[in-house]
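Enquirer: Chains as they are written, first to last, in numbering that gives the first Met the number 0: chain A, 0 to 478; chain B, 0 to 478.
2 protein chains.
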Amino acid sequence: MALKHPSELAASPQPERRRAALIGGGVIGGGWAARFLLMGWDVAVFDPDPEAERKLGAVLENARAALPRLYDAPLPPEGRLRIAGSIAEAAAGAEWIQESAPERLEVKRAIYREIEAAAGPQALIGSSTSGFKPSELQVGAADPARLFVAHPFNPVYLLPLVELVGSDATPAVMLDRAAAILDGLGMRPLKVRREIDAHIADRLLEAVWREGLWLVHDGVATTEEIDDAIRFGFGLRWAQMGLFETYRIAGGEAGMRHFLQQFGPALKWPWTKLMDTPELSDQLIETIAAQSDAQAQGRSVRELERARDANLVAMMRALKGTDWGAGRLLNAVDGALGAGALEGESLVTIDADWLDGGGAIREARLAALFESATEACVGWISADIAEGAAGRYAQTKSKTRRLASPAIGDRASVATRIASRRGAKLRLAHALVRADGTALATGESELTFVCAETREVRPPSRPVARRLTEIARAQASID
Amino acid sequence: MALKHPSELAASPQPERRRAALIGGGVIGGGWAARFLLMGWDVAVFDPDPEAERKLGAVLENARAALPRLYDAPLPPEGRLRIAGSIAEAAAGAEWIQESAPERLEVKRAIYREIEAAAGPQALIGSSTSGFKPSELQVGAADPARLFVAHPFNPVYLLPLVELVGSDATPAVMLDRAAAILDGLGMRPLKVRREIDAHIADRLLEAVWREGLWLVHDGVATTEEIDDAIRFGFGLRWAQMGLFETYRIAGGEAGMRHFLQQFGPALKWPWTKLMDTPELSDQLIETIAAQSDAQAQGRSVRELERARDANLVAMMRALKGTDWGAGRLLNAVDGALGAGALEGESLVTIDADWLDGGGAIREARLAALFESATEACVGWISADIAEGAAGRYAQTKSKTRRLASPAIGDRASVATRIASRRGAKLRLAHALVRADGTALATGESELTFVCAETREVRPPSRPVARRLTEIARAQASID
Numbered sequence: 000m001a002l003k004h005p006s007e008l009a010a011s012p013q014p015e016r017r018r019a020a021l022i023g024g025g026v027i028g029g030g031w032a033a034r035f036l037l038m039g040w041d042v043a044v045f046d047p048d049p050e051a052e053r054k055l056g057a058v059l060e061n062a063r064a065a066l067p068r069l070y071d072a073p074l075p076p077e078g079r080l081r082i083a084g085s086i087a088e089a090a091a092g093a094e095w096i097q098e099s100a101p102e103r104l105e106v107k108r109a110i111y112r113e114i115e116a117a118a119g120p121q122a123l124i125g126s127s128t129s130g131f132k133p134s135e136l137q138v139g140a141a142d143p144a145r146l147f148v149a150h151p152f153n154p155v156y157l158l159p160l161v162e163l164v165g166s167d168a169t170p171a172v173m174l175d176r177a178a179a180i181l182d183g184l185g186m187r188p189l190k191v192r193r194e195i196d197a198h199i200a201d202r203l204l205e206a207v208w209r210e211g212l213w214l215v216h217d218g219v220a221t222t223e224e225i226d227d228a229i230r231f232g233f234g235l236r237w238a239q240m241g242l243f244e245t246y247r248i249a250g251g252e253a254g255m256r257h258f259l260q261q262f263g264p265a266l267k268w269p270w271t272k273l274m275d276t277p278e279l280s281d282q283l284i285e286t287i288a289a290q291s292d293a294q295a296q297g298r299s300v301r302e303l304e305r306a307r308d309a310n311l312v313a314m315m316r317a318l319k320g321t322d323w324g325a326g327r328l329l330n331a332v333d334g335a336l337g338a339g340a341l342e343g344e345s346l347v348t349i350d351a352d353w354l355d356g357g358g359a360i361r362e363a364r365l366a367a368l369f370e371s372a373t374e375a376c377v378g379w380i381s382a383d384i385a386e387g388a389a390g391r392y393a394q395t396k397s398k399t400r401r402l403a404s405p406a407i408g409d410r411a412s413v414a415t416r417i418a419s420r421r422g423a424k425l426r427l428a429h430a431l432v433r434a435d436g437t438a439l440a441t442g443e444s445e446l447t448f449v450c451a452e453t454r455e456v457r458p459p460s461r462p463v464a465r466r467l468t469e470i471a472r473a474q475a476s477i478d
Numbered sequence: 000m001a002l003k004h005p006s007e008l009a010a011s012p013q014p015e016r017r018r019a020a021l022i023g024g025g026v027i028g029g030g031w032a033a034r035f036l037l038m039g040w041d042v043a044v045f046d047p048d049p050e051a052e053r054k055l056g057a058v059l060e061n062a063r064a065a066l067p068r069l070y071d072a073p074l075p076p077e078g079r080l081r082i083a084g085s086i087a088e089a090a091a092g093a094e095w096i097q098e099s100a101p102e103r104l105e106v107k108r109a110i111y112r113e114i115e116a117a118a119g120p121q122a123l124i125g126s127s128t129s130g131f132k133p134s135e136l137q138v139g140a141a142d143p144a145r146l147f148v149a150h151p152f153n154p155v156y157l158l159p160l161v162e163l164v165g166s167d168a169t170p171a172v173m174l175d176r177a178a179a180i181l182d183g184l185g186m187r188p189l190k191v192r193r194e195i196d197a198h199i200a201d202r203l204l205e206a207v208w209r210e211g212l213w214l215v216h217d218g219v220a221t222t223e224e225i226d227d228a229i230r231f232g233f234g235l236r237w238a239q240m241g242l243f244e245t246y247r248i249a250g251g252e253a254g255m256r257h258f259l260q261q262f263g264p265a266l267k268w269p270w271t272k273l274m275d276t277p278e279l280s281d282q283l284i285e286t287i288a289a290q291s292d293a294q295a296q297g298r299s300v301r302e303l304e305r306a307r308d309a310n311l312v313a314m315m316r317a318l319k320g321t322d323w324g325a326g327r328l329l330n331a332v333d334g335a336l337g338a339g340a341l342e343g344e345s346l347v348t349i350d351a352d353w354l355d356g357g358g359a360i361r362e363a364r365l366a367a368l369f370e371s372a373t374e375a376c377v378g379w380i381s382a383d384i385a386e387g388a389a390g391r392y393a394q395t396k397s398k399t400r401r402l403a404s405p406a407i408g409d410r411a412s413v414a415t416r417i418a419s420r421r422g423a424k425l426r427l428a429h430a431l432v433r434a435d436g437t438a439l440a441t442g443e444s445e446l447t448f449v450c451a452e453t454r455e456v457r458p459p460s461r462p463v464a465r466r467l468t469e470i471a472r473a474q475a476s477i478d
């Protein structure tokens with residue numbers, strides 16, 4: 000909690016921006032581009048598709064509307080995007096080069112040859128391939144050691160998982176370097192212990208896909224019914240705990256060994272049709288596509304993407320509250336981002352859901368903002384003197400006043416000062432000030448010191464009173 | 000939005016409670032019991048396990064801490080739980096009888112014989128079986144028509160999905176009756192079009208399970224790594240959209256048909272090992288169990304359950320905000336619950352996260368509560384006169400004051416009145432009043448009428464002014 004006015008905060012010196020190259024700018028390449036850019040990297044994209052720039056713009060627009068909402072700390076300033084005219088032009092000078100080309104081995108190998116001719120000796124080369132093994136990609140490479148699989152998941156700008164896979168020719172230190180960079184992008188690199196076709200997640204997905212195709216083929220369920228069977232049931236479970244942890248719980252008090260022994264016989268039952276694959280005939284394709292059309296109820300892919308992103312952001316933020324899984328990762332990134340330039344100042348970005356129908360900041364948002372400032376202040380007042388404090392300040396009253404209506408995307412920060420102090424009462428004054436200096440809102444919190452033992456209201460204990468005097472003095476010197 | 004004081008609200012007459020019988024009170028049966036009880040049904044449980052009552056108590060404790068938090072409307076008063084001494088004793092007089100016994104066909108059939116001897120002629124009999132087909136269960140039943148599969152997902156008190164499966168002997172009207180009851184429990188019945196072994200969801204789960212076992216067996220990944228591959232990636236996706244809708248989006252602008260045609264060849268690749276199943280040898284069981292132990296980091300199954308429930312509640316509540324999937328279902332249930340006895344009054348339950356460290360209601364909660372009351376009020380003031388309104392009230396200032404600290408679980412309601420009105424200004428007074436009549440907090444909102452066209456502040460348009468006079472008059476007659 001800073002007691003400084005935001006204008007006091009010197010802008011931190013702009014560090015040299017890191018550079019990434021994306022070969023292929025479709026849904027996956029565009030998602031990578033968005034994540035690098037929003038995390039402050041400069042990005043060069045090469046894609047031979049004449050529509051590439053428009054498609055990339057659409058992905059970026061989605062990402063800008065979603066990724067920053069995952070975090071409470073502000074992201075670094077967005078990097079610069081450049082459309083390159085060739086693979087060589089994109090790759091030159093890049094620290095990370097990511098290939099997201101179609102799944103054809105010869106195409107990918109040809110791309111690597113062009114990358115290697117232009118890239119610096121330290122550059123890392125990742126492939127988004129969902130199926131090929133790194134040893135297959137490395138055939139013909141001048142330096143196979145730095146070419147590995149970095150397989151992300153759509154939408155790349157929101158889902159954290161990246162499967163990192165090397166071959167026998169990949170030194171461990173290379174994957175360590177890659178993992179550190181992905182950590183910095185807020186991602187969750189998962190080093191796969193042994194290369195296999197389709198890595199880990201797509202093996203599981205492929206299994207579900209085959210079974211799903213059979214269910215439609217056999218008329219057991221429509222695409223919508225299968226989707227509902229997932230999202231109203233085990234899909235919710237898997238967003239926070241995976242297969243094994245869920246079954247550990249299902250086993251109950253008897254434990255995992257007992258669960259496995261009990262489950263053994265079921266493996267012998269002919270439950271799945273996975274021993275075989277249905278032929279993807281024109282008729283089956285038509286059935287699935289028609290069912291999928293009905294399910295979409297006229298919503299475009301763009302609309303579905305926005306709905307998906309809103310859901311993912313909301314759920315991942317919910318998991319921040321429980322500090323679990325993807326939410327725990329977000330909290331860690333928040334810590335890393337906030338610990339940098341901001342000196343504890345809580346900088347916020349005005350989001351669409353901050354504003355009511357009339358464009359004014361919602362009362363509840365303002366109250367939450369000022370309340371956490373108050374809490375931080377109370378924490379700061381009694382920090383390290385908890386034992387001697389013999390009580391604490393509790394908020395009794397509050398007021399807020401909106402002064403100006405911000406625009407979505409505006410950045411602002413809360414500044415808090417001690418307004419007055421008399422007996423048991425302490426009044427804090429808050430201001431929400433936009434980066435340009437405009438005060439958007441003010442607020443006041445009235446607190447009362449309560450004795451820990453008797454729960455009676457009384458003037459603060461000596462160490463607390465002394466701390467308050469120090470703060471007021473520091474404040475006066477700033478004013 | 001009620002403008003009445005909560006004491007004005009007559010308690011609705013207590014309807015006759017509906018009765019359910021649970022045969023088997025383990026994790027699944029206990030979960031069913033909890034859902035029925037918390038939704039106001041009386042429940043009788045029979046389970047021969049001498050530990051049954053204790054285990055049931057543990058499930059109920061979890062459910063009471065989680066299920067009510069999914070909803071904003073209050074649940075009906077909890078039903079009465081009775082431990083029955085026999086299947087017949089449990090089944091007598093029950094409207095729904097749910098069998099959650101071990102997966103052994105002869106055991107289940109013997110249970111149905113006992114149920115049928117005691118149950119009323121109209122009683123529905125559901126089975127929680129995850130594997131058997133209803134036609135298999137119905138063999139030997141006196142009335143096969145009313146015996147069907149109602150397969151839920153753990154935790155039954157939170158996850159909405161129930162697979163409803165009938166055989167050729169099941170009349171459609173029977174499944175309709177079952178679905179209506181499950182709807183009333185806040186669940187999402189999914190009628191399966193054709194009976195097959197393991198229905199729908201467990202087919203998909205079984206496929207993933209087999210592939211997961213191979214990945215551990217082959218040393219490609221540990222249980223924790225597989226779980227991370229799920230929960231940081233596609234698991235998040237599947238909590239809100241299923242397999243097909245996700246792939247529809249992945250196909251991008253080219254559409255679902257194109258996606259399927261492109262995906263066709265991959266089905267021929269030997270990506271999965273599903274043509275075979277790994278032997279669940281002692282060694283593989285030991286490997287999995289040991290990895291699962293390491294992953295749990297000493298957390299007990301009880302602790303994991305609580306973490307899981309907190310995550311599920313948080314994510315499902317997040318999906319209420321986007322009105323999607325499981326969240327949309329919750330909103331519908333809220334509507335149904337709220338539309339009953341409460342006449343729009345917003346009754347709330349004080350939850351642990353409402354209170355700060357000192358036991359006082361958090362400022363942000365209070366502000367949100369009063370803000371939504373203000374918004375409801377503004378909506379009510381201009382309802383049906385939007386066209387003539389030519390402007391709207393926008394909140395400019397607010398104040399809150401905490402008067403008393405509630406206990407967790409207390410129920411309270413917000414009452415709002417027009418405090419004053421002069422020119423463009425309108426002041427609303429809120430009170431948060433506990434069910435026993437204690438005022439927990441008060442608040443005041445100041446609003447200003449803003450012209451829709453010029454954005455200038457001015458007195459409200461005639462229809463709005465007239466409505467305000469009506470409200471004030473109605474208020475006076477109540478006071």
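Backbone N, C-alpha and C fix where the C-beta goes; we use that ideal spot for every residue, glycine too.
1) Tell me which residues share the same chain as residue 45 of chain B and place their Cβ nearer than 6 Å to its Cβ, disregarding the 5 neighbours each side in the sequence.
2) Is the CB of residue 328 of chain A under 9 Å away from at least one CB in chain C?
3) Using three-state DSSP, classify residue 479 of chain B as helix, strand or coil.
4) Can you tell me the Cα-Cα spacing of residue 460 of chain A and residue 446 of chain A, whole angstroms?
5) Buried or exposed for residue 299 of chain A, please, with buried defined as at least 16 other CB atoms from any protein chain shown within 10 angstroms of its CB.
6) What number of angstroms, rounded off, separates the C-alpha of residue 359 of chain A from the C-alpha of residue 126 of chain A?
7) Within 10 Å of its beta-carbon, does residue 418 of chain B have 16 or more other beta-carbons around it, so buried, or fewer, so exposed?
8) Mind pulling the beta strand (DSSP E) runs of 3 or more residues that sit fully within the region 96 to 174 of chain A?
9) In three-state terms, what does DSSP make of residue 58 of chain A?
10) Let's see if you can read the secondary structure: which residues bound the beta strand (DSSP E) around residue 448 of chain A?
11) In angstroms with no decimal places, state the Cα-to-Cα distance between residue 192 of chain A and residue 324 of chain A.
12) What's the call for residue 101 of chain A, buried or exposed, on a 16-neighbour Cβ count within 10 Å?
13) Going straight from the alpha carbon of residue 327 of chain A to that of residue 70 of chain A, what length do you get?
14) Note the first and the last residue of the continuous beta strand (DSSP E) segment covering residue 195 of chain A.
15) Going along the region 243 to 258 of chain B in order, which residues come within less than 7 Å of chain A, judged by CB to CB distance?
16) Relative to chain B, which residues along the region 311 to 325 of chain A have a C-beta separation below 8 Å, given in chain order?
17) According to a CB-to-CB cut-off of less than 8 Å, which residues of the region 175 to 196 of chain B neighbour chain A?
18) When you compare the region 53 to 73 of chain B with the region 24 to 44 of chain B, are there three or more beta-carbon pairs, one atom per stretch, that lie closer than 8 Å?
19) Please state the DSSP three-state secondary structure of residue 462 of chain A.
20) Take residue 279 of chain A as the anchor and find which of B/260, B/278, B/287, B/294 has the nearest alpha-carbon.
21) Would you say residue 68 of chain B faces chain A, with C-beta separation under 9 Å as the test?
22) Assuming contact is defined by CB atoms lying nearer than 9 Å, are residue 363 of chain B and residue 370 of chain A in contact in what I supplied?
23) Taking residue 498 of chain A as the reference, give the member of A/212, A/368, A/175, A/67 with the closest Cα.
24) Residue 145 of chain A and residue 173 of chain A look like a contact to me (Cβ under 8 Å); what is the Cβ gap, rounded to whole Å?
25) Residue 462 of chain A touches chain B at which residues, Cβ-Cβ below 9 Å?
26) Can you give me the Cβ contacts of residue 380 of chain A inside the same chain, cut-off strictly under 8 Å, excluding the 5 residues immediately before and after it?
27) Any beta-carbon of chain B closer than 9 Å to the one on residue 34 of chain A?
28) Using 8 Å as the threshold, is the region 130 to 146 of chain B in touch with the region 297 to 312 of chain B, meaning 3 or more CB pairs across them?
29) Between residue 188 of chain B and the rest of its own chain, which residues show a CB-CB distance below 6 Å, the 5 nearest in sequence each way excluded?
30) Identify the contact partners of residue 398 of chain A in chain B, using a Cβ-Cβ distance below 9 Å as the criterion.
31) Buried or exposed for residue 151 of chain A, going by 16 or more other Cβ atoms inside 10 Å?
32) Hey, how far is the Cα of residue 42 of chain A from the Cα of residue 80 of chain A?
Expert: By the coordinates alone:
1) Within the second sequence, residue 45 of chain B is the residue found at index 46, counting from 1. The residues are 22, 83, 86, 89.
2) Among the chains of the structure shown, chain C does not appear; the protein chains present are A and B.
3) Since the first residue shown for chain B is 0 and the last is 478, residue 479 of chain B is missing from the structure and cannot be characterised.
4) One-based indexing of the first sequence puts residue 460 of chain A at position 461. One-based indexing of the first sequence puts residue 446 of chain A at position 447. Roughly 15 Å between the two C-alpha positions.
5) Indexing the first sequence from 1 puts residue 299 of chain A at position 300. Exposed.
6) Sequence index remark: in the first sequence, residue 359 of chain A carries index 360 (1-based). Sequence index remark: in the first sequence, residue 126 of chain A carries index 127 (1-based). Looking at the two C-alpha atoms, the distance is approximately 46 Å.
7) Reading the second sequence from its first residue, position 419 is the one you call residue 418 of chain B. Residue 418 of chain B should be labelled exposed.
8) 123 to 126, 146 to 151, 160 to 164
9) In the first sequence, residue 58 of chain A corresponds to position 59, counting from 1. Three-state result, residue 58 of chain A: helix.
10) Residue 448 of chain A sits at position 449 when you count from the first residue of the first sequence. Residue 448 of chain A -> beta strand (DSSP E) spans 438 to 450.
11) If you number the first sequence from 1, residue 192 of chain A lands on position 193. If you number the first sequence from 1, residue 324 of chain A lands on position 325. Whole-angstrom Cα-Cα distance: 21 Å.
12) Taking the first sequence and counting its residues from 1, the one referred to as residue 101 of chain A is at position 102. By the neighbour-count rule (16 or more Cβ atoms within 10 Å), residue 101 of chain A is not buried but exposed.
13) The count along the first sequence starts at 1 and reaches residue 327 of chain A at position 328. The count along the first sequence starts at 1 and reaches residue 70 of chain A at position 71. The straight-line gap from Cα to Cα measures roughly 11 Å.
14) In the first sequence, the residue the question calls residue 195 of chain A occupies position 196. Unbroken run through residue 195 of chain A: none, as it is neither H nor E.
15) 243, 244, 247, 248, 249, 251, 252, 255, 256
16) 311, 313, 314, 315, 316, 317, 318, 320, 321, 323, 324, 325
17) 187, 189, 191, 192, 193, 195, 196
18) yes
19) Locating residue 462 of chain A in the first sequence gives position 463, where the first residue counts as 1. Residue state, collapsed to three classes: helix.
20) Within the first sequence, residue 279 of chain A is the residue found at index 280, counting from 1. For residue 279 of chain A, the nearest C-alpha among the options comes from B/260.
21) Here residue 68 of chain B refers to the residue found at position 69 of the second sequence. Chain A contact via Cβ: absent.
22) Looking up residue 363 of chain B in the second sequence gives position 364. Looking up residue 370 of chain A in the first sequence gives position 371. Going by C-beta atoms, residue 363 of chain B is nearer than 9 Å to residue 370 of chain A.
23) This structure cannot settle anything about residue 498 of chain A, because the visible part of chain A is limited to 0 through 478.
24) In the first sequence, the residue the question calls residue 145 of chain A occupies position 146. In the first sequence, the residue the question calls residue 173 of chain A occupies position 174. Contact holds; Cβ gap of about 6 Å.
25) The count along the first sequence starts at 1 and reaches residue 462 of chain A at position 463. The premise fails here: residue 462 of chain A is roughly 19 Å from chain B at the closest Cβ pair, so nothing lies under 9 Å.
26) Counting from 1 along the first sequence, the entry for residue 380 of chain A is found at position 381. The answer, listed in chain order, is 392, 463, 466, 467, 470.
27) As a first step, residue 34 of chain A is located in the first sequence; it is residue number 35 there, counting from the start. Cβ-Cβ to chain B under 9 Å: no for residue 34 of chain A.
28) no
29) The residue you call residue 188 of chain B lines up with position 189 of the second sequence. Excluding residues within five positions, the ones whose Cβ falls inside 6 Å are 161, 163, 178, 181.
30) By 1-based counting over the first sequence, the position of residue 398 of chain A is 399. 396, 397, 398, 399, listed in chain order.
31) For the purposes of this step, residue 151 of chain A is taken as the residue at position 152 of the first sequence. Buried, because 16 or more other Cβ atoms sit within 10 Å of the Cβ of residue 151 of chain A.
32) Indexing the first sequence from 1 puts residue 42 of chain A at position 43. Indexing the first sequence from 1 puts residue 80 of chain A at position 81. So the two alpha carbons sit approximately 5 Å from each other.
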